[in-house]
Structure formats: C-alpha cells, structure tokens
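Quick notes on the structure that follows.
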Amino acid sequence: MHLDVRSDWLSYVDEIPRALVAANAVANLEALEQSLPHHHEKAQLLFTVRGVINCEVEDAVWIVPPQCAVWIPGGLPHTVFGSGEVECISLFIEPPEASNLPTECCTITVSSFFRQLLMRANALPELYDVDGPDGRIVSVIFDELAAAPVEDLRLPIPSDPRLKKLTDLLIAAPADHATVAEWASRIALSERSLSRLLAEEVGMSFGRWRRQLHVILALRHLSAGQTVQAVAMDLGYESASSFVTMFRKMVGKPPSRYLLERLRPALQDHGGH
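Residue 5 is where the sequence shown starts when you use the numbering used here, and the numbers rise one by one after that.
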C-alpha cells in the first residue's frame with residue numbers, strides 16, 4: 005500500500021490490523037534534512053531504493069545505501085535523515101511476527117529476490133487477505149528477513165562530551181590524518197585516555213573508528229555520483245588505490261563493486277539492462 009508519509013502516518017501504521025504494513029516515500033531532501041525523533045510499536049525495515057538514508061538510533065548512526073535496509077525494532081526512538089533525491093520502502097511489522105528477528109538495530113543486505121518481495125509488499129492492499137496469496141507472500145517475506153545477512157554499516161556515537169566533540173571534528177575534517185596523540189590533545193586528553201575511552205564507549209580503536217567513519221562518508225558521496233578518485237582526495241588519501249585498499253579491508257569488496265551490486269537492480273528498473 006501507499007501511505008502519505010507527510011501526514012500522521014506513524015500512529016496510523018500501528019492501528020492497521022495486519023502483521024505487515026508497507027509504505028513508500030519519494031522525497032527531495034535538503035542537505036542532511038532530519039525527521040523528528042519518533043518511534044512506533046511495530047518494528048520497521050527501512051529499504052533504500054535510491055539515494056542514501058541515514059538513521060540515528062540510540063548511540064549510533066546507521067547508513068542505508070541503495071539496495072540495503074536497516075532493521076529498527078519496535079518501540080525504539082530513531083531519527084531518519086538524508087540529502088538529495090531519495091526513495092525508500094518501509095515495512096512495519098507487528099511485534100509477535102518480529103519475535104524471532106533481531107532485537108537490536110542492524111543493517112542487512114537485500115538480495116534480488118528479497119528486493120522483488122519488498123516491491124510486491126509495497127503493492128499489497130491495506131487489508132490484504134491473510135489466508136490468500138497475499139498472506140503467503142507476507143510469510144515468505146518474514147522468512148527472507150530472518151535469513152538476510154547482516155552488514156556493519158554503523159558508526160558508534162560516544163556519549164562522553166569530549167568524544168562527541170572529537171566526532172564532530174572528524175566529520176568536519178575527514179581528510180585530517182593527524183595522529184592519535186594530536187587528536188587527543190585537541191580535546192584535552194592524553195593518547196592513553198582517548199584510547200581507553202573509545203574502547204569503553206564504542207568498542208573500537210581510534211584507527212578502526214575513523215576508518216568506519218570514512219566508509220560511511222564514502223558511501224554517501226559515491227552514491228551521490230562522486231568518483232572514487234574525488235572521494236579518496238576528500239578523505240585525505242594519497243591515492244585512489246590506498247582508499248580502495250582501506251575500503252576493501254573494512255567492507256570486504258572494493259567500492260566500485262559494492263555500489264554496482266546495489267545500483268544494478270535500480271538501473272534495471274529504469275531500463276538500464
């Protein structure tokens with residue numbers, strides 16, 4: 005079904021007496037335009053058809069590039085933001101049906117088959133026949149969701165004020181490759197204290213945390229059409245190859261392949277076979 009996401013749809017989806025409610029949205033957002041923090045009783049699977057959407061949940065920001073989805077358990081406050089032309093499909097799932105699904109927020113990979121199921125769900129009547137073909141499609145969707153592989157497209161956000169300041173500094177100047185000691189001095193910490201705080205609050209070393217930020221920023225810019233060379237320069241890498249090496253180590257494949265796998269289904273939908 006199609007919901008007008010500009011209306012009071014958050015309470016509306018919780019009132020629909022079905023295990024699954026699908027909604028789609030197309031929007032041209034201002035740079036990093038944010039929704040208000042909100043929550044709903046039903047769990048949400050937010051799938052990005054095109055563009056890049058970011059979802060802030062608890063103490064982390066989750067990036068949702070094309071052909072990926074973020075899983076948000078029911079009742080969890082979250083904020084959605086993005087920029088440019090974006091299109092997404094959301095599945096809202098009743099708590100009993102989500103009982104065997106992840107209890108924490110996570111990013112999942114959407115296979116071509118699962119993507120077609122999401123498109124089919126988006127065309128379901130609001131009050132579909134639970135005992136008919138539509139009900140069987142919904143059952144298959146739940147099975148595919150439970151089996152979907154998880155990706156770590158998340159930037160942990162620390163709660164310590166000094167680390168929050170560091171986060172802002174790193175986002176504002178991602179090309180600044182100062183040493184850990186230099187970054188620590190900028191927020192009035194010793195290198196040892198910075199490393200200890202990061203380990204306690206985000207469970208990562210400074211180097212891995214910064215590389216995770218670079219992956220998130222890179223996916224945002226690459227999905228917007230920037231070249232690998234341009235992104236590498238923006239992030240302060242000496243060459244495109246050194247950036248690609250970092251990306252492959254973090255994600256498991258080079259950025260061109262990663263984006264192609266996610267953009268190909270959308271291109272096919274628009275006649276780009």
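Ideal Cβ positions, reconstructed from N, Cα and C, are used throughout, including at glycine.
Predicted model, so just to flag it, every value in this text is computed and none were measured.
Worksheet item: If we call anything under 8 Å between Cβ atoms a contact, is A47 one with P77?
Response: Yes.
Practice prompt. Go to A47, then tell me how far its beta strand (DSSP E) extends in each direction, as first and last residue.
Written response: In the DSSP assignment, A47 falls within the beta strand (DSSP E) that extends over A47 to R54.
Worksheet item: Under the rule that 16 or more other beta-carbon atoms within 10 Å means buried, what is H112, buried or exposed?
Response: The question names His, but residue 112 in the sequence shown is Ile. By the 10 Å Cβ count, I112 comes out buried.
Discussion item. Could you give the first and the last residue of the continuous beta strand (DSSP E) run that contains N58?
Written reply: I57 to V61 is the extent of the beta strand (DSSP E) around N58.
Worksheet item: With a Cβ-Cβ cutoff of 8 Å, do F210 and S199 count as a contact?
Response: Yes, the Cβ-Cβ distance between F210 and S199 is below 8 Å.
Discussion item. Looking only at its chain, what residues have a beta carbon closer than 8 Å to the beta carbon of H42, apart from the 5 residues adjacent to it on each side?
Written reply: Excluding sequence neighbours, H42 sits near L14, P81, H82 and T83.
Item to complete: State the DSSP-derived secondary structure class of H42, mapped to helix, strand or coil.
Response: In the structure shown, H42 sits in a strand (DSSP, three-state: E or B).
Practice prompt. Output yes or no for whether 8 Å exceeds the beta carbon distance between W66 and R214.
Written response: Result no, Cβ atoms of W66 and R214 do not sit closer than 8 Å.
Discussion item. Under 8 Å: do the stretch 116-135 and the stretch 175-186 share three or more Cβ pairs, one atom per stretch?
Written reply: No, the stretch 116-135 does not touch the stretch 175-186.
Worksheet item: Taking the DSSP output, what are the residues bridged to G256?
Response: None, per the DSSP bridge assignment.
Worksheet item: Leaving out the 5 sequence neighbours to the left and right, which residues in its chain are closer than 7 Å to S103 when beta-carbon positions are compared?
Response: Here the set comprises nothing.
Practice prompt. Have a look at I175 and G240 and give me their C-alpha separation to the nearest angstrom.
Written response: Cα-Cα distance, rounded: 12 Å.
Practice prompt. Report all residues from its chain with a CB closer than 8 Å to the CB of S163; omit the five preceding and five following residues, and keep chain order.
Written response: Correct list, in chain order: D63 and E205.
Worksheet item: Which one of A31, W75, I20 and G86 has the shortest CA to CA distance from H225?
Response: Each of A31, W75, I20 and G86 was checked against the Cα of H225, and the nearest Cα belongs to G86.
Discussion item. Is the separation between the beta-carbon of I93 and that of L122 shorter than 8 Å?
Written reply: Yes, they are a contact pair.
Discussion item. Considering Cα atoms alone, identify which of G88, P21, L264 and N58 is closest to E101.
Written reply: Nearest to E101 by C-alpha distance, out of G88, P21, L264 and N58, is P21.
Worksheet item: How is the alpha helix (DSSP H) around V142 delimited, first residue to last?
Response: Taken as a continuous stretch (DSSP letters only), the alpha helix (DSSP H) holding V142 covers P137 to A151.
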